[in-house]
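Encoded as structure tokens, the structure appears first; notes follow it.
Structure representation (structure tokens):
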């Protein structure tokens with residue numbers, strides 16, 4: 005049996021059921037968050053909609069806030085993995101540029117979902133605060149990867165933190181503009197322009 009045949013094998017039933025339950029929880033939460041508001045929605049409401057117990061709920065999500073950011077952890081893991089697996093000959097900034105484009109395409113493919121999610125976040129102070137915490141997680145994760153890439157440089161830690169800080173600021177500003185424009189601009193092109201400006205230096209003479 006070749007690898008392609010193995011890849012096509014269906015996942016175990018238990019795994020598929022767990023994934024179906026997780027998706028159902030996210031759908032139910034989104035419906036209630038947008039209909040009644042995040043603060044007015046309880047975990048019990050969501051559990052009743054899906055037909056599961058609170059105990060089962062906590063096997064899938066740590067809290068209600070996690071339902072508002074259901075894919076952030078997966079995206080961060082993928083982003084970090086791509087940075088870590090970058091070719092040795094590629095500079096950290098070049099790796100960031102390449103991986104950011106992949107992220108931009110993924111966001112553009114989920115435009116409507118992300119726009120609705122961001123509207124909810126902007127309307128809910130607790131979610132806005134959580135969003136900033138998540139951004140900090142991304143910054144720290146990037147800094148850790150860049151520190152490895154700058155190994156041997158006497159200023160490795162400073163350079164890693166500076167690049168990670170600049171990167172998360174650029175990502176936040178670009179996404180904020182994209183959200184404000186209702187996702188109409190080409191996100192990949194916006195990211196490219198932002199990275200070009202960062203690489204050249206915003207104060208460089210034209």
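Residue numbers (the numbering used here): 5 to 210.
For each residue, glycine too, the CB sits at the ideal point set by N, CA and C.
No experiment lies behind these values; they were computed from the predicted model shown.
Residue i, DSSP secondary structure in three states
i	result
residue 94	coil
residue 185	coil
residue 60	helix
residue 109	helix
residue 156	coil
residue 116	helix
residue 99	helix
residue 161	helix
residue 178	helix
residue 195	helix
Cutoff 8 Å; reference residue i; Cβ partners in own chain excluding five residues on either side
i	result
residue 6	Note that residue 6 scores 48 on pLDDT, short of 50, meaning its location in the model is unreliable and no value can be drawn from it.
Where the alpha helix (DSSP H) containing residue i begins and where it ends
i	result
residue 25	17-40
residue 77	76-88
residue 135	129-153
residue 190	Careful: residue 190 lies outside any alpha helix (DSSP H) and carries neither H nor E.
residue 72	68-72
Residue i CB to nearest heavy atom of the ligand HEM below 7 Å
i	result
residue 204	Ligands displayed in this structure: none; no statement on the ligand HEM is therefore possible.
Cβ shell of residue i (< 7 Å), same chain only, five flanking positions each side left out
i	result
residue 149	84, 87 and 88
residue 143	168, 169 and 172
residue 111	118 and 191
residue 42	72, 124, 128 and 131
residue 20	none
residue 99	87 and 90
residue 106	86
residue 109	192
Beta-carbon proximity of residue i to residue j, cut-off 8 Å
i	j	result
residue 80	residue 164	no
residue 126	residue 176	no
residue 45	residue 36	yes
residue 47	residue 58	yes
residue 40	residue 96	no
residue 50	residue 29	yes
residue 93	residue 199	no
Same chain, Cβ closer than 6 Å to residue i, neighbours up to 5 away in sequence not counted
i	result
residue 134	69
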